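Colleague: First the structure, which I've put down as structure tokens, then a few questions once you've had a look.
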Amino acid sequence: MDSPSTEAAGFWRRMAAMFYDGFLIVSIWFISAIILVALNNGEEINGRAFQLFLYFEAGLFYTYFWHFKGQTLGMQVWKIRTINDTGEILTLSECVVRVFFATFSLVVMGLGYVWILFDPEKLAWHDRASGTRVIYLGKDAYKIVSDPSDD
């Protein structure tokens, strides 16, 4: 079997995957909010603690998929994968560092992500800080090859 591509994923492909993942995360947040409101006798939930809860929930979403699958659901659609500098799926500590610095990349008006457009290796700030990268798996990444014996 051929080794996977190490071609860096471009800015727009990464943004599209984030957009897809955003829908999933917001869906998870809605479910969490419904459960928390029900547990709070129908009273609204707000404040810093709730915001931190939502932040950690999103962080857990990314950590789970990066650590166990190498890619989120949005990344699967756009045929990209997150790997560490040795080409392996991220460790838990690499995931935590990546989530922390990805937050910083986003909070500063997204400059950490925009940096992908100017970086020769197409790395965002959080890629560099965590020793990770996002690669494009190629257009035939999930191509199903038929077995000639099936004919």
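The sequence shown begins at -18 in the working numbering and counts up by one. C-beta: ideal position from N, C-alpha, C; glycine also. Keep in mind it's a predicted model, so treat the numbers as computed, not measured.
#1: Is the separation between the beta-carbon of residue 60 and that of residue 118 shorter than 7 Å?
#2: To the nearest whole angstrom, what separates the beta carbons of residue 89 and residue 110, a pair I think is in contact under 8 Å?
#3: To which residues does DSSP link residue 115 through a beta bridge?
#4: By DSSP, does residue -2 sit in helix, in strand, or in coil?
#5: Taking one C-beta from the region -13 to 7 and one from the region 92 to 108 each time, how about it: are there three or more such pairs within less than 8 Å?
#6: Count the other C-beta atoms from every protein chain shown that fall within 10 angstroms of the C-beta of residue 114, then say buried if there are 16 or more, exposed otherwise.
#7: Look up residue -11 in the DSSP assignment and give the residues it is bridged to.
#8: Since I believe residue 44 is in contact with residue 76 (beta carbons under 8 Å), could you give me their beta-carbon distance rounded to a whole number of angstroms?
#9: Quick one: what does DSSP say residue 104 is sitting in, helix, strand or coil?
Modeller: For this structure:
#1: yes
#2: Residue 89 to residue 110, Cβ: 13 Å. No contact.
#3: 63
#4: helix
#5: yes
#6: buried
#7: 116
#8: 4 Å
#9: coil
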